[in-house]
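These notes concern the structure reproduced below.
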Amino acid sequence: MAANEDAFKKVVSHAKEFGFVFPSSEIYDGLSATYDYAQNGVELKNNIKKYWWMSMVQLHEEIVGLDAAIFMHPKTWKASGHVDAFNDPMIDNKDSNKRYRADVLIEEHIAKIEGKINKDITKAKKRFGDAFNEEEFRATNGNVLRRLKEISDIETKMGDALNNDKLDDLQQLIIDLGITCAVSGSKNWTEVKQFNLMFGTELGAVSGDASKIYLRPETAQGIFVNYLNVQKTGRMKIPFGIAQIGKAFRNEIVARQFIFRMREFEQMEMQFFIEPGTQMKWFEYWKETRIKWHKALGLGDENYRFHDHIQLAHYADAATDIEFNFPFGFKELEGIHSRTDFDLKQHEEFSGKKLRYFDPETKENIVPYVLETSIGVDRMFLAVLSKSLKEEQLEDGTERTVLSLPAPLAPIKAAILPLVRKDGLPEKAREILKLLQMEHNCMYEEKDSIGKRYRRQDAIGTPYCIAVDYETLDDNMVTIRDRDTMKQERVAISDLVSIIGKKVSMSNLFQ
Ligand code: ATP
Numbered sequence: 000m001a002a003n004e005d006a007f008k009k010v011v012s013h014a015k016e017f018g019f020v021f022p023s024s025e026i027y028d029g030l031s032a033t034y035d036y037a038q039n040g041v042e043l044k045n046n047i048k049k050y051w052w053m054s055m056v057q058l059h060e061e062i063v064g065l066d067a068a069i070f071m072h073p074k075t076w077k078a079s080g081h082v083d084a085f086n087d088p089m090i091d092n093k094d095s096n097k098r099y100r101a102d103v104l105i106e107e108h109i110a111k112i113e114g115k116i117n118k119d120i121t122k123a124k125k126r127f128g129d130a131f132n133e134e135e136f137r138a139t140n141g142n143v144l145r146r147l148k149e150i151s152d153i154e155t156k157m158g159d160a161l162n163n164d165k166l167d168d169l170q171q172l173i174i175d176l177g178i179t180c181a182v183s184g185s186k187n188w189t190e191v192k193q194f195n196l197m198f199g200t201e202l203g204a205v206s207g208d209a210s211k212i213y214l215r216p217e218t219a220q221g222i223f224v225n226y227l228n229v230q231k232t233g234r235m236k237i238p239f240g241i242a243q244i245g246k247a248f249r250n251e252i253v254a255r256q257f258i259f260r261m262r263e264f265e266q267m268e269m270q271f272f273i274e275p276g277t278q279m280k281w282f283e284y285w286k287e288t289r290i291k292w293h294k295a296l297g298l299g300d301e302n303y304r305f306h307d308h309i310q311l312a313h314y315a316d317a318a319t320d321i322e323f324n325f326p327f328g329f330k331e332l333e334g335i336h337s338r339t340d341f342d343l344k345q346h347e348e349f350s351g352k353k354l355r356y357f358d359p360e361t362k363e364n365i366v367p368y369v370l371e372t373s374i375g376v377d378r379m380f381l382a383v384l385s386k387s388l389k390e391e392q393l394e395d396g397t398e399r400t401v402l403s404l405p406a407p408l409a410p411i412k413a414a415i416l417p418l419v420r421k422d423g424l425p426e427k428a429r430e431i432l433k434l435l436q437m438e439h440n441c442m443y444e445e446k447d448s449i450g451k452r453y454r455r456q457d458a459i460g461t462p463y464c465i466a467v468d469y470e471t472l473d474d475n476m477v478t479i480r481d482r483d484t485m486k487q488e489r490v491a492i493s494d495l496v497s498i499i500g501k502k503v504s505m506s507n508l509f510q
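Just so you know, we're using numbering that gives the first Met the number 0 here: the sequence shown kicks off at 0 and counts up by one.
This is how it looks when you write it as structure tokens:
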């Protein structure tokens, strides 16, 4: 088994074993691409949302929040283009009957070529040692240049086929590249068809087209239709933003890779309303702001990269993805899109209502342009979880599994552990729990040896363990153990709130 495949399996099983993520309705053998967040998962997820909300809303005076309904008037989705154009191109292999996304098959082929380039680089690095200059090698090596050209040709062809809805060309490209089905190994492909990703349902008791509504495939439209309400009631001046966290639903063709691609998931989106013509400035600003937010978590700067879109969505004039190095390779974590005035103009047309912003300075009515940042909570969860999970070799020859989560995101901030289950120690420990609980999410645990309890807390990422022993009863001091260094220190109970507070404060992430 490939090393990263193995690492990914470990993440999935750790998530289940330690109460982070369970398959949905597991007693009925689960529902494909649907997951439930368990006792530790919900805490981590809430902390990720809090970190985002704090950076977007709390620390930006020009951005406010919104919580729009999942159901929206069906015309919304006509206006937004989702009814007609929210499709993925799918293709079936005739021998295995497996269904694939045509663009993903081609992207995986490109990733393989990139893999070859990386192999060449690794080899050259070994050969040239310290004298190796990667940039120069990339710019001059014949093999690398040939492969880069190959990638760029494929991307151009794919971009053209996708942008112009040339499905036959897409099929031909898959055939020309000799792409095979992972299951049957054959190149026996059907034609490419478009598949709409929206889930439909019915409103009220009357069935029929008139009452057909959709589960929103993105949260953004709730912001667009409310933008003028918010602008007026909040007396917002351009540029200003509206942020929202909420569920979105997509009937994904191929849903695998755990919580990376689900049919029900959660998005954190922010629409920034700007003056037309300033979109490139704001595009750069939000690229920089968002990548900083990611890197502040300390998961490793080398795990992020930008990937500019070749196929621009129907609404965008510039778009980039922040890709993260997941256990299965670099994949999209967040999108940053310059959406122009497409959405607001469409809603004007379909609703017959003016959605103009009155600029008090120029005395003009304009339709603002929109810069969007859009990130999946679940993908962010997977990014944090997978990079935090570590197997460590200890000095005494033993091993430990530790989840070195950024402390402000940890589900439990401190565990209070009485050394034994008698002689007043549990009571003392519970007293400490009561004290800390007002400030932080803490837990009490008395079962098993203290060593075992430490290990269990390491595995769920608890930054501090607090051991209560006989001396505590006399001197009101406890032993506090740091998850990462495993160092133990004797401190006064009265100092605990501030010691823990310093470590787990969200503000640490903004310094
Ligand atoms: P992909 O190309 O991976 O399908 P996308 O480009 O369709 O993603 P967007 O429409 O830009 O994604 O959605 C914004 C964000 O929402 C993504 O960056 C991702 O984090 C998240 N997201 C999208 N689809 C899913 C899904 N099926 N499951 C989990 N998260 C998702």
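Cβ atoms here follow ideal geometry from the backbone N, Cα and C, with glycine treated the same way.
It should be emphasised that the depicted structure is a prediction, and the values quoted were computed from it without experimental measurement.
For I374, the shortest separation between its Cβ and any heavy atom of the ligand ATP lies below 8 Å. Contact between the region 70-77 and the region 217-228 is established, with three or more Cβ pairs separated by less than 8 Å. Separation of D168 and A84 (C-alpha to C-alpha, rounded to the nearest whole angstrom) is 18 Å. Of the residues assessed, T319 falls on the buried side of the cut-off, its CB having 16 or more other CB atoms within 10 angstroms. In the three-state reduction of the DSSP assignment, P407 falls in the helix class, which pools H, G and I. The C-alpha of I273 is placed about 51 Å away from the C-alpha of R454. Judged by beta-carbon spacing, V369 lies within the 9 Å limit of D340, meaning their Cβ atoms are closer than that value. Ranked by Cα distance from L147, the options L432, E348, N228 and I116 are led by I116.
The residue from F305, D159 and I258 with its alpha-carbon nearest to that of H336 is F305. Excluding sequence positions up to five before and after L65, its CB lies within less than 8 Å of the CB of G221, I222, N225, V229, I241, A242 and Q243, all in the same chain and listed in chain order. Assignment of alpha helix (DSSP H) within the region 305-355, counting only whole runs of 4 or more residues, yields 341-350 in chain order. Annotation: the continuous alpha helix (DSSP H) that includes K44 extends over Q38 to W52. Non-local C-beta neighbours of V11 in its own chain, meaning closer than 6 Å and more than five positions away in sequence, comprise F257, ordered along the chain.
The region 247-256 makes contact with the region 212-221; the number of CB pairs closer than 8 Å reaches 3 or more. Within the chosen limit of 8 Å, the ligand ATP does not reach the beta carbon of H346 with any heavy atom. Going by C-alpha positions, A458 is about 55 Å away from K353.
For G375, the uninterrupted beta strand (DSSP E) run begins and ends at Y368 to G375, by DSSP. In this structure, R378 sits near L332, with a CB-CB distance shorter than 9 Å. Just measuring C-alpha positions, the residue of H293, L408, Q171 and D483 sitting nearest V503 is L408. In the structure shown, T400 adopts extended strand secondary structure according to DSSP, grouped into three states. Residue pairing from DSSP places W188 in a beta bridge opposite N92.
Residue nearest to L432 within the set F329, T397 and C464 is C464 (criterion: CA-CA distance). For V20, the enclosing beta strand (DSSP E) starts and ends at V20 to P22. A direct Cα-to-Cα measurement between V419 and M476 gives close to 16 Å. K386 has its CB no nearer than 8 Å to any heavy atom of the ligand ATP. Contact holds between the region 39-46 and the region 402-417, because three or more Cβ pairs, one in each stretch, are under 8 Å apart. Comparing alpha carbon positions, the residue from T33, Y50 and D35 closest to S506 is Y50. A direct Cα-Cα distance of roughly 10 Å separates G334 from R289.
Residue side-chain check: I222 keeps its Cβ at 8 Å or more from all non-hydrogen atoms of the ligand ATP.
Between F282 and A312 the beta-carbon gap is near 15 Å, outside 8 Å, which marks them as no contact. Straight through space, the alpha carbons of Y99 and R429 are spaced by roughly 54 Å.
For Q220, the uninterrupted alpha helix (DSSP H) segment begins and ends at A219 to T232.
With 16 or more other Cβ atoms from the protein chains shown falling within 10 Å of its own Cβ, A14 counts as buried. Note on F264: 16 or more other CB atoms within 10 angstroms of its CB, so buried under the neighbour-count rule. Under DSSP, E201 takes part in a beta bridge, and its partners are K211.
Three or more pairs of CB atoms, one per stretch, sit closer than 8 Å, so the region 86-94 contacts the region 183-201.
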